[in-house]
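Contents: one structure, followed by commentary.
Protein chains: 2
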Amino acid sequence: MVLSRARREDAVTTIAFPAPDAAVLGRREAIIAGLARLLPAEAVITSEDERRAFETDALTAYRQVPLAVVLPSTTEEVAAVLRFCHAEGVKVVPRGAGTSLAGGAIPQEDAVVLGIAKMNRVLDIDFVNRTARVQAGITNLAISQAVAHEGFFYAPDPSSQLACTIAGNIAMNSGGAHCLKYGVTTNNLLGVTMVLLDGTVVEIGGAHLDAPGYDMLGLVCGSEGQLGVITEATVRILRQAEGARPALMGFDSVETAGACVAAIIGAGIIPVALEFMDRPAIKVCEAFAHAGYPLDVEALLIIEVEGSEAEIEDALKRIVAIAERFSPKALRVSRSEAESAAIWKGRKSAFGAMGRIADYLCMDGTIPTGQLPHVLKRISEICTGYGLGVANIFHAGDGNLHPLVLYDINKPGELEKAEAAGADILKLCVEVGGCLTGEHGVGIEKRDLMRHQYSEVDLVQQMRIRGVFDPAWLLNPAKVFPLDGRVVQ
Amino acid sequence: MVLSRARREDAVTTIAFPAPDAAVLGRREAIIAGLARLLPAEAVITSEDERRAFETDALTAYRQVPLAVVLPSTTEEVAAVLRFCHAEGVKVVPRGAGTSLAGGAIPQEDAVVLGIAKMNRVLDIDFVNRTARVQAGITNLAISQAVAHEGFFYAPDPSSQLACTIAGNIAMNSGGAHCLKYGVTTNNLLGVTMVLLDGTVVEIGGAHLDAPGYDMLGLVCGSEGQLGVITEATVRILRQAEGARPALMGFDSVETAGACVAAIIGAGIIPVALEFMDRPAIKVCEAFAHAGYPLDVEALLIIEVEGSEAEIEDALKRIVAIAERFSPKALRVSRSEAESAAIWKGRKSAFGAMGRIADYLCMDGTIPTGQLPHVLKRISEICTGYGLGVANIFHAGDGNLHPLVLYDINKPGELEKAEAAGADILKLCVEVGGCLTGEHGVGIEKRDLMRHQYSEVDLVQQMRIRGVFDPAWLLNPAKVFPLDGRVVQ
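Residue numbers (my numbering), protein chains in the order written: chain P, 129 to 617; chain U, 129 to 617.
This is the structure we're talking about:
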């Protein structure tokens with residue numbers, strides 16, 4: 129889970145929110161009374177103190193206290209809330225655990241936050257067909273825990289997996305360190321129960337390979353809570369590998385490390401994870417986690433392979449042979465469970481460790497793997513140009529970058545500089561043939577950058593699809609699309 | 129490629145086509161003259177004899193001669209044709225190689241067939257980033273051939289891969305025997321250039337991991353030519369495995385073979401292919417290909433694993449250990465290239481071999497793997513009930529069934545019985561938690577079964593999405609959705 133140090137109460141959000149609907153604010157008491165008729169008393173949160181707990185998500189530099197918060201316990205309750213808000217013209221911001229790094233769950237003043245975290249039960253596990261059906265408020269890790277006794281797991285593993293919900297994972301099409309081998313959420317999702325804005329409950333997909341007609345499940349996955357509210361999900365569960373083992377490799381330049389990544393992937397080897405850290409990141413993580421990382425290198429790769437003992441030995445041998453062509457300054461294959469755990473502890477605590485020493489914006493761009501060395505050099509130049517530091521920690525195998533742009537929220541103007549540097553980095557990703565996001569989604573963070581990725585025609589098509597589900601733009605309305613571009617059908 | 133014996137010229141199509149638009153038929157000469165102004169002379173086909181070559185696809189029991197056929201060579205020519213047809217209100221049926229088994233490319237009398245087979249060039253290959261950009265009329269196999277010299281291949285492998293185009297693969301989200309490990313088309317597609325009905329050219333996706341906003345690429349993949357015409361595609365290419373080796377296993381009942389499949393998949397082993405043939409299929413394939421299949425068994429499994437020699441040995445050892453629990457009557461691991469080639473030749477010629485001895489409808493349902501034994505028993509009962517034979521050849525590992533319902537097109541009433549049996553089989557797939565299609569798509573074949581899979585709400589949502597791209601329903605209009613259900617926005 130990302131813990132940012134940012135706590136400046138008067139932080140200026142440079143990302144604009146639309147002006148709240150005065151008519152809705154004026155009817156606040158009536159709206160709350162209406163919601164109270166639909167749900168048990170404890171499921172409707174109205175006091176300012178309690179609402180404040182929902183004012184932001186993991187993009188903590190931005191915050192707005194919502195009109196009200198509802199925490200339904202069933203699909204029927206979700207449907208009742210949506211039907212009511214639809215009839216009343218009230219905006220709804222769906223929320224899982226509020227761990228979005230892109231501001232996907234940030235409320236608006238005139239919106240009801242619809243949190244589904246109470247709906248956290250496992251409904252059915254089918255080991256023969258390798259599927260699990262869950263309520264959508266369950267945490268990502270709880271799915272793996274529910275199937276671990278039979279040796280299974282749920283593959284996508286965001287850093288926030290202890291806290292984040294499968295509903296949020298579906299909304300943002302979340303990934304994780306092990307997605308290089310197993311794919312992201314959309315590759316592991318089989319079906320959902322979704323409530324449309326008018327309260328209609330639909331089933332999309334199911335516990336089978338494909339579905340006839342258009343790929344509605346694919347469309348819903350990554351739609352950031354704008355097409356409906358997901359209340360149940362059927363996911364693929366996988367057999368745990370017999371074993372897994374990481375290797376550590378240190379290089380004296382980020383370019384060499386990047387070239388080594390490209391060579392490994394170009395050779396057709398798909399490790400289960402291939403993580404990259406630059407010198408600032410290595411230093412902070414080693415100080416925090418005592419992972420045994422080499423401190424005299426400019427770039428560190430963590431490469432994990434899995435399978436039977438024979439498969440692991442074979443894959444590591446091939447990987448080491450490739451790495452040696454790039455003259456690594458350090459090269460170590462883990463030889464024990466404890467050593468493997470320490471190596472991963474360093475990586476997994478990276479964002480938290482960095483948050484102790486600096487505020488940061490965690491960017492999430494994607495690039496063709498072959499562009500790694502060039503892009504890392506440019507990221508460094510961009511941040512230096514703004515007088516800011518940067519640490520790079522990312523999923524190198526699939527070209528998914530997470531530059532952490534470092535700033536001090538208490539220095540006036542630094543947040544704005546960090547935002548500008550972050551935007552430049554994302555534009556660079558698009559320029560080299562990549563894109564604005566890998567696994568965090570658009571949210572409010574990248575909303576105004578969408579025109580750098582898409583033509584007006586492209587954006588209009590997407591917005592018209594949104595209109596099919598939500599003609600009045602009441603669901604998570606200020607996200608994903610530039611505010612001035614709204615198309616009404 | 130599927131070759132059906134069916135040649136009865138007066139075959140009654142029990143699947144209705146809508147009545148042709150008399151106004152369009154009346155303007156035929158003017159429409160042809162308009163198309164001739166946009167394209168070189170040889171790219172506009174108007175004579176009845178030449179148009180007849182496009183009257184059907186691989187679902188050969190159904191045929192209609194189109195108004196005209198155009199064969200553009202560039203994205204600009206495709207755009208010009210679509211712009212013209214849009215302005216004139218003329219229907220367009222996009223066509224790759226015409227190998228659809230679901231009637232996805234069958235024309236209509238008042239429609240222009242837009243064939244993209246001339247656009248068959250490789251545009252760019254990037255081995256470091258493992259991507260290839262191609263024109264969409266290239267054949268599936270030609271992509272693999274273009275990258276084979278560097279040891280790469282394109283993974284999805286429909287039986288028709290020698291003939292079928294990547295555009296058709298994208299339209300139907302095609303699969304193949306090796307998709308158990310590598311996924312179907314949607315899992316291997318990175319981007320497309322698509323022409324909208326009004327002639328606008330859009331770029332969707334690209335050579336990167338993900339794209340921000342809605343998953344438009346996922347939506348387009350499998351949309352059966354109804355959202356636009358794809359003219360270029362960027363696909364993932366993969367490194368060929370060092371080696372691959374199949375094993376053959378014969379069992380004395382289909383139930384036991386089905387249970388063995390469930391046990392292998394349930395143990396978390398993912399072979400690169402896991403194919404199933406029942407006794408009628410084994411007999412026909414062995415007679416045709418001399419593959420060395422055992423003839424005294426009720427069901428045969430072909431299981432292929434790949435990787436380094438160590439990985440292959442390890443995986444086969446685990447698979448054989450599981451199989452032995454089910455007392456196989458035959459169990460043989462291939463020990464030579466020649467033996468492997470013979471085993472696959474038998475399987476890959478199955479549809480052609482069957483077509484020499486009977487007419488058949490090749491169904492394409494998907495079920496949860498654990499339901500295999502039950503479903504196979506019911507398929508046999510259903511076909512017996514109609515007095516028809518059935519042969520089962522399918523991708524068992526991912527629950528993708530291909531029952532071949534055998535009939536004689538020259539016996540009046542048999543085609544209708546085969547259609548009824550086929551429909552019963554697909555409804556059975558839905559009943560057990562599966563779905564109407566795995567990799568062939570809906571086309572006209574399953575159009576009228578869509579209500580067995582979907583509620584009216586589900587279908588209306590899909591049709592409204594169609595309306596965003598094609599409000600007048602001019603693109604491949606009589607496919608995918610029940611004819612009486614059309615929703616106008």
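Don't be surprised by glycine CBs; every beta carbon is placed ideally from N, CA and C.
Please say whether residue j and residue i have beta carbons closer to each other than 8 Å?
i, j, result
"Ile266/P", "Thr293/P", "yes"
"Gly493/P", "Ile431/P", "no"
"Ala478/U", "Leu366/U", "no"
"Gly483/P", "Tyr421/P", "no"
"Ile471/P", "Ser462/P", "yes"
"Leu556/U", "Ala390/U", "no"
"Val240/P", "Ala196/P", "yes"
"His523/P", "Cys490/P", "no"
Compare the C-beta of residue i with all C-beta atoms of chain P and state if any pair is closer than 8 Å.
i, result
"His336/U", "yes"
"Arg136/U", "Only weak support exists for where Arg136/U lies, its pLDDT of 45 falling under 50; the value from the coordinates is given anyway. Taking Cβ atoms only, chain P never reaches closer than 8 Å to Arg136/U, which makes this a no."
"Met377/U", "no"
"Leu347/U", "yes"
"Gln273/U", "no"
"Val503/U", "no"
"Arg133/U", "A caution first: Arg133/U carries a pLDDT of 38, below 50, which makes its placement in the model too unreliable to give a value."
"Ser351/U", "yes"
"Gln589/U", "yes"
"Val240/U", "no"
"Gly561/U", "yes"
Could you work out which residues of chain U lie near residue i, taking near to mean beta carbons separated by less than 8 Å?
i, result
"Arg592/P", "Val596"
"Thr203/P", "Residues of chain U passing the Cβ test: none, with the nearest at roughly 15 Å."
Got a sec, what are the start and stop residues for the alpha helix (DSSP H) residue i sits in?
i, result
"Asp552/P", "542 to 559"
"Arg180/P", "176 to 180"
"Gly279/P", "Where Gly279/P is concerned, there is no enclosing alpha helix (DSSP H), given that its DSSP letter is neither H nor E."
Could you name the residues of chain U that residue i contacts, counting a contact when the two beta carbons are closer than 9 Å?
i, result
"Gly394/P", "Phe255, Val256, Asn257, Arg258, Arg367"
"Asn315/P", "Gly311, Asn315"
"Pro531/P", "Within chain U, no residue comes near Pro531/P; the closest Cβ sits about 16 Å away, beyond 9 Å."
Got a sec, what are the start and stop residues for the beta strand (DSSP E) residue i sits in?
i, result
"Tyr535/U", "531 to 535"
"Val197/P", "196 to 198"
"Arg460/P", "458 to 461"
"Ile521/U", "517 to 523"
"Thr512/U", "Careful: Thr512/U lies outside any beta strand (DSSP E), inside the alpha helix (DSSP H) at 500 to 513."
"Val312/U", "From DSSP, Val312/U is part of no beta strand (DSSP E); its letter is neither H nor E."
"Cys490/P", "487 to 490"
Is there at least one Cβ from chain U nearer than 8 Å to residue i's Cβ?
i, result
"Met491/P", "no"
"Met129/P", "Model confidence at Met129/P stands at a pLDDT of 27, short of 50, so the residue's coordinates are unreliable and nothing is read from them."
"Ser302/P", "no"
"Gly525/P", "no"
"Val570/P", "yes"
"Ala390/P", "yes"
"Lys246/P", "no"
"Phe607/P", "It is Lys, not Phe, that sits at residue 607/P in the sequence shown. By this cut-off, Lys607/P is not an interface position."
Please list the partners that residue i has in chain P, where partner means a Cβ-to-Cβ separation under 7 Å.
i, result
"Pro496/U", "Asn257, Ala335, His336"
"Leu564/U", "Pro340"
"Met578/U", "Pro340, Gly341"
Looking at the strands, I want to know which residues DSSP matches up with residue i.
i, result
"Arg373/P", "Val433/P"
"Lys246/P", "Paired residue(s): none; Lys246/P is not in a bridge."
"His580/U", "According to DSSP, which records beta bridges pairwise, His580/U is partnered with nothing at all."
"Glu360/P", "Gln263/P, Thr321/P"
"Met405/P", "Leu428/P, Ile521/P"
"Cys563/U", "Thr494/U"
"Thr384/P", "Paired residues: none, contrary to the question."
Against residue i, what residues of chain P qualify as contacts under a CB-to-CB distance less than 9 Å, listed in chain order?
i, result
"Glu439/U", "Gly435, Ser436, Ala438, Glu439, Asp442, Ala443"
"Asp586/U", "Val330, Glu331, Ile332, Gly341, Met344"
"Lys574/U", "Pro340"
Is residue i near the ligand SAH, going by C-beta to nearest heavy atom under 7 Å?
i, result
"Arg261/P", "The ligand SAH is not part of the structure shown, which contains no ligands of any sort."
Which chain U residues sit within Cβ distance under 7 Å of residue i?
i, result
"Gln581/P", "Pro340"
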